[in-house]
Amino acid sequence: MAKSPSIVSIFNFVFVVLILCVNAQFDYFQMVQQWPPAKCSSVKVRCHVQPPTMFTIHGLWPSNYSNARLVCAPQPFNPTQIAALRPQLNTYWPDVIQGKNQQFWQHEWDRHGICSNPPFNQLQYFQITLNIRTNHSYDLLTILNAAGLGPSDTNIREYKDIEGAIQAATGKKPGLRCNINAQSKEKKQLLEIILCFDKDGITLIDCTEFAGITCPPQFVWPDRQPLNLVSTDGEL
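In UniProt numbering, the protein residues as written are 1 to 236.
What follows is the structure, encoded as structure tokens:
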């Protein structure tokens with residue numbers, strides 16, 4: 001006997017909801033900070049604004065240990081909810097490609113932030129991210145400069161040295177991601193450093209291979225190399 005359309009529809013709806021609920025569960029956060037000179041000198045990106053020479057926030061990404069992409073129910077971005085945070089967001093979470101900061105924040109909320117709710121609403125998500133970035137214990141540039149491992153256009157950096165300096169300062173292992181320099185297409189350069197946090201957004205934990213580590217044992221960490229800035233719209 002064939003199922004009635006109404007029963008089939010209800011079954012399909014329940015199945016989709018269950019899939020969304022399972023996929024939306026996350027195990028930990030990746031706090032991804034990017035190095036703008038590397039972002040703006042890669043083979044795929046041309047920046048519209050002069051990038052700052054400090055680590056800026058790429059995003060706080062709910063993640064799971066299976067490395068599967070989370071699928072979460074859409075939740076509208078409301079800029080008025082984070083109006084009080086705007087001065088700090090402009091400083092620490094700028095769009096280094098186009099200078100369209102609010103558009104970048106919305107992109108990160110739509111792609112990642114929604115998966116943190118529950119337990120965190122939009123304001124809490126952005127506040128937690130800023131709390132991590134402004135915590136002096138997690139100031140990556142200060143940590144690495146103090147270890148004699150600051151950015152340099154000439155010195156080769158070792159993965160184990162960068163990782164070791166951050167682990168010594170924070171007590172936990174970070175993750176590193178590299179991209180390819182546009183001027184020397186065989187040269188890998190440090191693009192991002194990831195700190196991993198428990199689901200509470202407060203407790204620092206070790207990053208594992210699931211954090212998407214892409215750096216080779218040796219790479220460069222560019223300082224102020226020449227950049228090709230463009231004036232037409234590009235990608236986020």
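C-beta atoms are modelled at their ideal positions from N, C-alpha and C, and glycine is treated no differently.
Cutoff 9 Å: residue i Cβ touching any chain B Cβ
i: I156; result: Absent here is chain B; the protein component of the structure consists of one chain.
Exposure of residue i, with buried meaning 16 or more beta-carbon neighbours within 10 Å
i: S65; result: What sits at residue 65 in the sequence shown is Tyr, not Ser. Label assigned to Y65: exposed.
i: I202; result: exposed
i: H112; result: buried
i: P174; result: buried
i: V22; result: Note that V22 scores 42 on pLDDT, short of 50, meaning its location in the model is unreliable; the coordinates nonetheless yield the value given after this. Burial call: exposed.
Option in the options with minimal Cα separation from residue i
i: P77; options: V45, C215, V71 and I114; result: It is Phe, not Pro, that sits at residue 77 in the sequence shown. If we check each option's Cα against that of F77, I114 comes out closest.
i: C72; options: W105, F26 and E209; result: F26
i: L140; options: N67, P37, R69 and I193; result: I193
i: S184; options: D153, D206 and D198; result: D153
i: K44; options: V220, D198, L191 and D200; result: L191
i: I166; options: Q98, G59 and I143; result: I143
i: P74; options: R46, D110 and R224; result: D110
i: P222; options: I213, T214, K188 and Y92; result: K188
Rounded Cβ spacing between residue i and residue j (contact assumed at less than 8 Å)
i: L130; j: L195; result: Their Cβ separation, rounded to whole angstroms, is 14 Å, which puts L130 and L195 out of contact at 8 Å.
i: E163; j: L149; result: No, E163 and L149 are not in contact; Cβ-Cβ is about 10 Å, not under 8 Å.
i: Q124; j: I82; result: So it is not a contact: roughly 10 Å between Cβ atoms.
Backbone CA spacing between residue i and residue j [nearest angstrom]
i: I156; j: N181; result: 14 Å
i: I57; j: S41; result: 18 Å
i: V50; j: Q34; result: The sequence as given places Gln at residue 50; Val does not occur at that position. Straight-line Cα distance between these residues: approximately 15 Å.
i: Q103; j: W61; result: 17 Å
i: E209; j: M31; result: 15 Å
i: P37; j: S63; result: 26 Å
i: Q106; j: G171; result: 32 Å
i: D198; j: E158; result: 27 Å
i: N90; j: P217; result: 34 Å
i: K100; j: P94; result: 8 Å
Runs of 3 residues minimum, wholly inside the stretch 40-106: which ones carry the beta strand (DSSP E) assignment? Counting only runs of 3+ residues, the beta strand (DSSP E) found wholly inside the stretch 40-106 occupies 56-63, in chain order.
Counting only runs that start and end within the stretch 155-224, where is the alpha helix (DSSP H) found for 4 or more residues in a row? For secondary structure counted as the alpha helix (DSSP H) over 4 or more consecutive residues, the stretch 155-224 holds these complete runs in sequence order: 159-170.
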